[in-house]
Amino acid sequence: MIDDNPDNTKSNKIDLEIMRKLSHRLITIIPQLLAIMAAFLVGAVVLVLTGYSPIDVYTTMLQGAFGDIYGIGQTLTQATPIIFTALSFLFSYKCGLFNIGAEGQLLIGGFVSAVVGSSFGWLPAPIHILISLSSGALAGGAWGYIPALLKTKFGAHEVITTMMLSYIATYLTSYLVTYPFKAPGWVPQTVPIAESSQLPRLLQPTQLSASFLIAIVLAGLVYYILQKTTLGYNIKASGLNPLAAENGGIDVKKSMVLAFIISGALAGLGGAGEILGVHYRFIQGFSPGYGFDGLAVALVGGLNPLGVLLAAILFGALRSGGMLMTRATQVPLDIVVIIQSLVILFVAVPNLVRYLIRWRREKA
Amino acid sequence: MNIIDIINIGLFASTIRMATPIALAAIGGIFSERVGIVNIGLEGMMLMGAFSGVAVSFYTRNPWLGVLASIVIGGLLGLVHAILTITFKGDQIVSGTGINIFALGFTAYMSQIIWGSRGASDIVPSLTVIDIPLLKDIPIIGDILGSHTPLVYVMMLLVVFSQILFFKTPLGLRLRAVGEHPAAADTAGISVTKMKYIGVIISGILAGLAGVFLSLGQLSLFTWGMTGGRGFIALAAMIFGGWMPLGALGASLLFGFADALQMRLQSLSILPSQIILMLPYIITVIILAGVVRKTKPPSDYKPYDKG
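Note that the protein sequences, when read in sequence, are chains Y and F.
In this text, residue positions in the first sequence follow the working numbering: the first is 2, and each later residue adds one.
In this text, residue positions in the second sequence follow the working numbering: the first is 4, and each later residue adds one.
Shown next as structure tokens:
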């Protein structure tokens with residue numbers, strides 16, 4: 002009879018298996034979800050204390066970020082550079098490095114791509130785009146090589162050096178666009194890039210460009226490198242236990258240098274994407290802190306390239322929704338930065354949830 | 004223009020002024036790292052100290068209440084870092100980074116709420132310069148050290164005090180033991196958790212003081228991101244000084260000199276400002292690369308599990 006159909010039980014088994022895997026996945030993202038909720042909750046407290054209605058503010062934010070096609074386009078536009086910087090942070094983190102210099106690497110990459118993009122106007126478009134993008138990646142990688150050298154040759158801790166190098170990059174690019182590479186006029190910016198180096202726009206009239214697609218492809222590529230290649234294996238082994246890796250015949254220093262360079266290149270490419278896809282020139286101060294957004298997104302994304310994509314969209318939504326929120330409610334845009342920082346603080350404690358459960362049980 | 008315009012007694016007095024916040028924060032860093040907790044959040048704690056000092060001075064018209072506020076806020080942030088990293092064993096660098104970003108966002112947000120400006124606060128009553136009677140009359144030394152705001156002298160006293168505390172008192176020994184060998188300290192009956200909390204909270208207090216010196220000691224207002232990486236420079240000074248208060252003071256004087264020179268060159272406008280502004284950061288990187296090999300941190304910074 003039908004009840005004895007072996008296929009039926011088999012498919013039930015598979016269902017169970019899928020459910021088990023799915024629930025396992027859900028449990029692993031619970032701390033992240035709780036951290037995000039807690040951050041919005043504390044953000045709401047800040048809003049109330051400063052005389053704003055969190056419900057109004059958050060609804061306006063949500064409306065701005067996802068309310069219409071334009072909002073969604075801007076959310077993805079804002080998410081794009083953050084995907085790059087998050088992948089950058091993630092990649093070095095897997096090697097046990099805490100590279101907080103994505104901001105500087107993004108600026109350097111962006112600047113170099115603007116210079117290359119505004120020169121060589123005679124090149125055909127696809128080649129010009131390719132060269133401009135790669136020069137941005139190379140420049141970011143080169144900037145990332147400096148802390149690698151400082152760490153492996155001199156033992157200087159990357160947290161301090163990458164931070165210092167971010168300040169240096171900010172002033173250096175500011176100098177370059179104020180003096181030698183300044184376009185005529187008052188604004189410190191370079192001349193526009195040639196049309197042949199502009200990345201195609203995906204969703205007019207928003208600024209969403211092909212850079213978003215590149216970001217998605219790179220997320221897959223980073224996942225592939227880390228999971229399936231020897232390079233990825235070496236990098237992760239060096240990060241997990243450098244001593245054991247060294248004994249196992251892995252050149253830990255070489256892994257670190259490569260991780261730094263790739264990390265810098267990813268951030269540099271993000272900067273190039275902003276210049277070639279959104280601004281069409283290097284404008285001083287074009288990044289509102291994408292480097293630090295990346296750090297937060299990598300952590301919220303569970304240090305997983307696919308998680309990064311989702312978390313970046315959330316942070317992009319905060320930025321794009323924040324703009325409408327500021328216009329409509331006069332709440333300072335910096336509430337977004339506060340919420341982001343709170344997410345980081347709550348994510349810093351992965352076992353907070355476990356502690357809370359245990360605490361409640363002890364009280365009961 | 005000649006070299007006298009750049010290097011003179013005024014430059015050295017300015018060096019002392021610029022070294023003060025770095026030294027205060029560096030000693031803060033020592034208190035935290037000696038008990039085995041990395042405090043990357045010094046930068047944010049300084050910024051919150053700078054801001055709360057100005058805010059309280061703005062409302063009360065009393066800069067000393069501002070100083071008090073910065074100490075309280077700094078200590079509270081230290082407590083937050085302690086709870087996250089000691090009790091919950093969270094990642095120390097992630098927690099510190101979170102504090103830094105929080106400070107940047109919170110101070111910018113509140114600036115707009117209170118003064119309607121993201122860039123700078125109103126001018127508020129600030130700390131005044133005092134003359135030290137006998138010291139002031141000594142030639143050259145008196146000109147360099149004799150008249151500063153009281154916090155400069157507080158910094159000098161704190162350097163000496165903490166040097167003695169760490170290396171000549173039982174409490175200092177306990178603090179160091181907890182960072183160097185928590186298991187042994189535990190066996191000897193020292194409360195590891197309590198000592199760690201003390202170290203990290205003091206670290207926050209000193210960072211708050213460092214911040215308020217920037218806003219109420221050097222200026223009379225708060226500006227966006229005014230710490231400008233000095234918390235990280237202080238960490239470099241701490242490492243350069245071998246995790247010792249006196250050593251950190253020496254290193255801070257060096258960074259203070261770079262900062263003072265940077266400001267002097269700025270006022271002479273012989274080079275584009277951006278190039279000059281890069282100087283302190285470049286010097287920090289070079290010094291860090293030059294000396295770090297020879298120093299060893301006082302702890303492995305691992306969370307302590309009683310087992």
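Glycine residues also receive a C-beta, built at the ideal position from the N, C-alpha and C atoms.
What you are looking at is a predicted structure, and each value in this text was computed from that prediction instead of being measured.
Check each candidate in Y:L150, Y:S136, Y:L173 and name the one with the smallest Cα separation from A268 of chain Y.
Y:S136
I need the DSSP call for R320 of chain Y, collapsed to helix, strand or coil.
helix
Just confirm the distance between the C-beta atoms of G149 of chain F and D134 of chain F, as a whole number of angstroms; I'd bet it's less than 8 Å.
6 Å
Hey, could you find the ends of the alpha helix (DSSP H) A263 of chain F is sitting in?
248-271
Under 6 Å Cβ to Cβ from P128 of chain F, same chain only, skipping five residues before and after it: list those, please.
S60, R64, P66
When DSSP labels each residue in this structure, what does H158 of chain Y get in the three-state scheme?
coil
Closest residue to T286 of chain F among F:L264, F:S276, F:P306, F:P275 (Cα-Cα distance):
A quick correction: the sequence has Ile, not Thr, at residue 286 of chain F. If we check each option's Cα against that of I286 of chain F, F:L264 comes out closest.
Given a limit of 8 Å on CB to CB distance, which residues of the stretch 156-176 of chain Y reach chain F?
G156, A157, H158, V160, I161, T162, M164, M165, L166, Y168, I169, Y172, L173, S175, Y176
Can you give the Cα-Cα distance for S302 of chain F and G72 of chain Y, rounded to whole angstroms?
49 Å
Test item: CB-CB of V337 of chain Y and G317 of chain Y under 7 Å
no
How far does the alpha helix (DSSP H) with T190 of chain F in it extend, from its first residue to its last?
185-190
DSSP three-state assignment for S302 of chain F, whether helix, strand or coil
coil
Would you mind sorting K199 of chain F into buried or exposed? The rule is 16 or more other CB atoms within 10 Å of its CB.
buried
Which same chain residues end up closer than 6 Å to D4 of chain Y when comparing Cβ atoms and leaving out the 5 residues on each side of it in sequence?
Only weak support exists for where D4 of chain Y lies, its pLDDT of 48 falling under 50; the value from the coordinates is given anyway. Contacts found: none.
Suppose you measure from the CA of L50 of chain Y to the CA of G214 of chain F; what does that come to, to the nearest Å?
24 Å
For D140 of chain F, I'd like the list of residues in its chain whose CB is within less than 8 Å of its CB, leaving aside the five on either flank, ordered along the chain.
G149
Whose CA, out of F:L154, F:S114, F:I40, lies closest to the CA of I96 of chain F?
F:I40
Keeping to the same chain, check which residues put their C-beta closer than 6 Å to that of S264 of chain Y; ignore five residues upstream and five downstream.
S89, F92, S93, N100, G145
Which class does K179 of chain F belong to by DSSP, given the choice of helix, strand or coil?
The displayed chain sequence assigns Arg, not Lys, to residue 179 of chain F. In the structure shown, R179 of chain F sits in a helix (DSSP, three-state: H, G or I).
Given that I345 of chain Y touches chain F, what residues does it touch there, using C-beta distances under 7 Å?
V97, T100, G101, I104
Could you tell me the boundaries of the alpha helix (DSSP H) in which D57 of chain Y lies?
55-67
Listing by chain order, which chain F residues have their CB less than 9 Å from the CB of I336 of chain Y?
G108, Y112
Members of the stretch 57-81 of chain F near chain Y, C-beta cut-off 9 Å
none
Partners in chain F for V350 of chain Y, counting only beta-carbon separations shorter than 7 Å
L87, F91, G93
Cβ-based neighbour list, A312 of chain Y, same chain, cut-off 6 Å, excluding 5 preceding and 5 following
V298, V301, G302
Bounding residues of the alpha helix (DSSP H) (the contiguous stretch that carries E104 of chain Y):
103-119
Do N103 of chain F and G47 of chain F count as a contact pair if the criterion is CB distance below 7 Å?
yes
In the DSSP assignment, the alpha helix (DSSP H) including V97 of chain F goes from what residue to what residue?
95-118
Contact set between T287 of chain F and chain Y, taken where Cβ atoms lie within less than 8 Å:
I161, M165
Whole angstroms are fine: how far does the CA of N42 of chain F sit from the CA of G32 of chain F?
6 Å
Report yes or no: do the stretch 19-28 of chain F and the stretch 227-238 of chain F share at least 3 C-beta pairs separated by less than 8 Å?
yes
State the start and end residues of the unbroken alpha helix (DSSP H) segment that holds A80 of chain Y.
70-94
Cα separation between F67 of chain Y and Y59 of chain Y?
12 Å
Taking CB distances under 7 Å as the criterion, tell me whether P3 of chain F reaches chain Y.
Residue 3 of chain F lies beyond the stretch modelled for chain F, which goes from 4 to 310, so this question has no answer here.
How many angstroms separate the CA atom of I147 of chain Y from the CA atom of F112 of chain Y?
18 Å
With 16 other CB atoms within 10 Å as the buried threshold, where does S98 of chain F fall?
buried
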